[in-house]
Amino acid sequence: MIELQKNTIKIMGILNSTPDSFFMESRLIDNNSIDLQKYKHADIIDVGFESSRPGANPLSENDEMIRLDNFLTHGPNFKQTLSIDSYKPQVAQIALENGFNMINDIKGGGKDGEMLEIAAIFKCPIVLMHMLGNPVTMQIKPYYDNIMDELKHYFETKIEFAKSFGIEENKIIIDPGIGFGKRIIHNDTIINNLGELKQFGVPLLIGISRKSFISIDDDGAEDRLPATLGATALAVKNGADIIRVHDVVENYRMLSVVSRIIQRKNIKEKMVTNEI
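FYI, the numbering for the sequence shown is 1 to 276, going by the UniProt record's numbering.
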């Protein structure tokens, strides 16, 4: 099980066992075709069976179960922490019973608490994400009076709700949901003000990777790696604890340099050196 409370940034590698996720190279169509080396620097592998891109139609629980079963039967043997990217409690339960160690719920644990109850039973970490509406409607003129105030109120409520089911605070992770019911200005504001979400004392996950808000000159997802690295580096500087990414190796290299620079900035040097 991954240790969440450390002063090191964790990398969550994205693996979409779907035919329709927005970034084609993240789609796992054939379980035998995956290159495990691409994920060797990941601390967590986040496996999803339903696309949550803007405008995506929901997948039935039965179809998601079929995809999960296929992955469990024929999927690669990862050594890292496995996270189930699902908002359906029964899917999460089956995954946790079969080697998964963590839940990533885009609906923040739901309203009825069934997902939270499962997380409590399995004593596993759970990511509580913020989303306005659902994937079909979330990008239809999203509006906030104050996005950061909205997020702080949301997470204060969600964290207390999760605790009421017996989930320990050190098992809770929050995700502001970049691109999930947010305009460009909302996403930029969140990244610039991530420090405001550190008040809850739980790990902060950020998912920027190849999303449309970092598009330059209408480039496609396949061309957004440089922008991903830049925006993710800024998020790390501003307090992100876990970065959810498609390109694990490239983000690992970026993170190694950024972490070193930040650490050096925070260390009070006791002597002058000749190091360049």
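Idealized CB from N, CA, C, for every residue including glycine.
Every value quoted in this text rests on a predicted model; they were computed, and no experiment measured them.
- Annotated three-state conformation of Arg210 is coil, per DSSP.
- Following the DSSP letters along the chain, one finds Thr81 in no alpha helix (DSSP H) but inside the beta strand (DSSP E) bounded by residues Thr81 to Asp85.
- Fully enclosed beta strand (DSSP E) runs of no fewer than 3 residues occupy 126-129 of the segment 108-145, in order along the chain.
- Shown here, Asp188 sits in a helix according to DSSP, grouped into three states.
- In the three-state scheme derived from DSSP, where H, G and I count as helix and E and B as strand, Val91 is classed as helix.
- With a contact defined as Cβ atoms closer than 8 Å, Val248 and Ala42 qualify at about 5 Å.
- Between the alpha carbons of Asp241 and Asn104 lies a gap of roughly 15 Å.
- For Gly195, the three-state secondary structure derived from DSSP is helix.
- Contact check for Lys171 against Ile126 passes: the beta carbons are separated by less than 8 Å.
- Residue nearest to Asp46 within the set Asn16, Arg253, Thr228 and Ala56 is Asn16 (criterion: CA-CA distance).
- Check the Cα spacing between Ile184 and each of Asp175, Lys141 and Lys40: the tightest is with Lys141.
- Ranked by how close their Cα comes to the Cα of Tyr39, the residues Ile216, Gln80 and Ile178 have Gln80 in first place.
- Listed as beta-bridge partners of Leu15 by DSSP are Val47.
- Per the coordinates, the alpha-carbon of Glu169 lies some 27 Å from the alpha-carbon of Phe49.
- By the C-beta criterion, the segment 178-198 is judged not to be in contact with the segment 111-127, since fewer than 3 inter-stretch pairs fall below 8 Å.
- Phe161 sits away from Ile174, with the two beta carbons spaced by 8 Å or more.
- Bounds of any beta strand (DSSP E) do not take in Asn77, whose DSSP letter is neither H nor E.
- Its Cα nearest to that of Thr137, the residue Ala56 stands out among Ala56, Leu82, Ile9 and Asp69.
- Taking 8 Å as the cut-off, the beta carbon of Ile34 is found no closer than this to the beta carbon of Gly13.
- At a Cβ-Cβ threshold of 8 Å, Ile66 and Leu255 do not count as neighbours.
- Per DSSP, Val236 is one residue of the alpha helix (DSSP H) stretching across Leu225 to Lys237.
- Leaving aside the five residues that flank Val258 on each side, the residues in its chain whose CB is nearer than 8 Å to its CB run, in chain order, Ala233, Val236 and Lys237.
- Looking at Phe71, Ser52, Gln90 and Ile214, the one whose alpha-carbon comes closest to that of Asn62 is Gln90.
- The beta carbon of Phe165 lies closer than 7 Å to those of Gly113, Leu116, Glu117 and Ala120 in the same chain, with the five residues before and after it left out.
- Phe78 has its alpha-carbon roughly 26 Å from the corresponding atom of Val202.
- A Cβ-Cβ distance of about 5 Å is found for the pair Asn193 and Met148, placing them in contact under the 8 Å criterion.
- Per DSSP, Lys158 has no beta-bridge partner at all.
- Judged by DSSP in its simplified three-state form, Lys10 adopts strand.
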